[in-house]
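All residue numbers for the sequence shown refer to UniProt numbering, where the first residue is 1 and numbers rise by one.
To start, the structure under review is shown below, and the notes come after it.
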Amino acid sequence: MNFLLALLGGAASAFAFQPVGLWPLMILCIAGFCELVGRAPSMRQALAVGWGFGVGQFCIGLNWIATAFTFQAAMPAWLGWIAVVLLSLYLAIYPMMAAGLAWRFGRTNKVALVFALAGGWALTEWLRATMFTGFSWNPIGVTLVDTPLREGSRWVGTYGLSALVVLLGGSIWAAVRREWRLPAALVVASLLLWALPAPTIVGDTTTIKPIRIVQPNIGQQDKWRPGFDEIASRTLDGLTIKGKPVQRLVFWPEAAVTNPMEDERKGAAQITEFERLRATRTLGPSDILLTGGLSFTSRDGQVVDGATNSVYILGALGKVLGRYDKAHLVPYGEYLPMRPVLSAIGLSRLAPGDLDFAPGPGPQSVALPGQWGKVGFQLCYEIIFSGEVVDRRNRPDFIFNPSNDAWFGRWGPPQHLAQARLRAAEEGLPVIRSTPTGISALIDARGRLLHSLPWQTAGVIDAALPSALEPTLFARLGNIIPVALGFALLIAAIALGRRSRYSGI
């Protein structure tokens, strides 16, 4: 019965994430989760409760993955739901571990249980983002993105916010159980956190820096259709064409140009030059275009043997001013793990195409000409990895996150946007998102959504580039902070548990 209740509680908690966004529901579900873990008679049953909660949460929250499979012509649609369930069975191991830590160190003391669960949750979410290439989608801290508590991420990061969600839920559970020390301590800690000084704006705040974010509303089912590239190009041109005679930064989505922008094969130079000229033909003479594109490599000059998913910085007449290659590739989307083995048993269709993308070197900052400063890049789902989105030795002035969320149905795009907003708040940097079908957005350095375009709508955002804030504590130290917080909570839980055993509390 406890397992079933945990499964249902986890499923209900998924509605705290976007697009539903009932964030108090997560706190209430965590309160119920504390009760189930606290009354588990054995470690085995506590682990089952944690696993059931995770399975329910991930199966509902990640339902958009099933939609992504419908764009694979060679794959039956039902296989997408099998993929969701299998992935959820794995991801649920992490809340299971948190539940095990809570039961092990907190079964004799309610406050110790909550501390151990909060610390364990922060640590296991960090592990989930790290192990086996990582998949950090929907940490529970992201449910606070539309609350003032979002700004706490500049101190403790997203995984620290996840610990806070557990502490809030645990406080409700403790209060119901007539244990008032934890709720009182949490109120005091929240007031102290609120009293910490806000970061200040850095850089030039007087110069208006005009930008245009383009959302062409080109669906995944059309994008790779033969001959559609010219239709897509005209659509992008119409949304890019210059208006006022001022220098602009123009942003296009991931892989907006479907033909290669650079190609090492012999005789390909004229073709790639044409693609770059076509992309920039409606720019003003001083405009700069940042667009997603592909590059091909060839050792022998004849056959393509490698490719990168990239962002190009293009000036007038298609001149390449810079390039960023995506580093954190999507398994089964941009490369096929163990390709020789899976190909041998007929499973190569799990990933589109016969060629794996090559990873780039990681976060980079590129200096732009003129007044724009430095841009950092995070391509598509790279933005979900808290603490891994900027080059800390060469901090950018803003982050560009081109993405193709056309794969991800109705639930994926708003969840992706919520996580991008937390990266902005954590790092104290504006984030610009351009996507083919939505949700394109301009986010300020506090994680506030300044402008956005609805899903499946063509349009543009004309705005001024927001200023960066001075580096936040999290921007300086990264995930050292939430990991240290997680261990500190576990140590506190161990100390409280021992005190309870010795004093009979």
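For every residue, glycine included, the Cβ atom is placed at its ideal position computed from N, Cα and C.
This structure is a prediction, so every number in the text was calculated from the model and none was measured.
Residue from the options with nearest C-alpha to residue i
i	options	result
Ala492	Val114, Tyr332 and Gly160	Val114
Ile82	Met97, Ala92, Ala99 and Asn63	Asn63
Thr457	Leu239, Val366 and Gln378	Leu239
Ile443	Glu426, Leu28 and Leu91	Glu426
Thr282	Ala174, Thr235, Asn309 and Pro260	Thr235
Leu290	Arg177, Asp405 and Thr435	Thr435
Ala232	Pro253, Ala99 and Gln247	Pro253
Gly293	Cys380, Ser286, Cys59 and Leu167	Cys380
Ala445	Glu382, Phe408, Ile399 and Arg410	Ile399
Asn404	Ala46, Trp126, Leu8 and Thr258	Thr258
Ser88	Leu79, Trp51, Met261 and Phe33	Trp51
Gly360	Pro369, Glu334, Gly160 and Ala463	Glu334
Gln18	Glu125, Ala418 and Ser286	Ala418
Ala358	Ala268, Leu429 and Ala327	Ala327
Gly373	Leu450, Ala468 and Ala441	Ala468
Met261	Val246, Gly100, Ser171 and Asp325	Asp325
Met97	Asn394, Thr130, Trp455 and Ala46	Ala46
Thr130	Asp237, Arg248, Asn309 and Tyr94	Tyr94
Exposed unless 16 or more other CB atoms sit within 10 angstroms - verdict on residue i
i	result
Gly478	buried
Lys110	buried
His416	buried
Leu490	buried
Asp397	buried
Pro363	buried
Tyr502	At Tyr502, the pLDDT of 48 sits below 50, so the modelled position is not reliable; the number obtained from the coordinates is stated separately. It counts as exposed.
Phe474	buried
Ser42	exposed
Gln371	exposed
Ala133	The sequence as given places Thr at residue 133; Ala does not occur at that position. Its Cβ having fewer than 16 others within 10 Å, Thr133 is exposed.
Val390	buried
Phe408	buried
Asp462	exposed
Glu470	exposed
Val214	buried
DSSP bridge partner residues for residue i (one or two, in chain order)
i	result
Glu470	Answer is none; Glu470 lacks a bridge partner.
Asn309	Leu294
Ser452	Ala441
Gln215	Gly459
Leu249	Ile211 and Ile288
Asn401	Arg433
Ser365	Gly376
Val257	Answer is none; Val257 lacks a bridge partner.
Ala484	Paired residues: none, contrary to the question.
Gly322	Ile313
8 Å contact criterion, which residue i and residue j should meet: CB distance rounded
i	j	result
Leu122	Pro482	In the sequence under discussion, the amino acid at residue 122 is Ala, which differs from the Leu named in the question. Contact flag correct, Cβ pair sits at about 5 Å.
Met26	Thr147	Not quite, the Cβ-Cβ distance comes to about 11 Å (not below 8 Å), so this is no contact.
Ile384	Asn401	About 10 Å separates the two Cβ atoms, so there is no contact after all.
Arg212	Val460	5 Å
Ala307	Ser298	Not really, about 10 Å apart at Cβ, beyond 8 Å.
Gly169	Ala40	About 17 Å; that fails the 8 Å criterion.
Neighbourhood of residue i by C-beta distance below 7 Å, restricted to the same chain and skipping five residues each side
i	result
Gly346	Note that Gly346 has pLDDT 47, beneath the 50 cutoff, so the model's placement of it is unreliable and the number below is only indicative. Excluding residues within five positions, none has a Cβ falling inside 7 Å.
Leu36	Asn2, Leu5, Ala6 and Val49
Phe105	Ala112, Ala116, Leu490, Ala493, Ile494 and Gly497
6 Å Cβ shell around residue i - same chain, five flanking residues per side excluded
i	result
Gln57	Gly10, Ser13 and Ala14
Leu127	none
Leu321	Ile313 and Gly315
Ser440	Ile213, Gln215, Arg433, Ser434 and Leu453
Close Cβ partners of residue i (< 8 Å) along its chain, the five nearest in sequence each way excluded
i	result
Gly301	Glu264, Arg265 and Lys266
Leu149	Leu161 and Leu164
Neighbour flag for residue i against chain C, beta carbons, 7 Å
i	result
Phe357	Of the protein chains in this structure there is only one, and it is not chain C.
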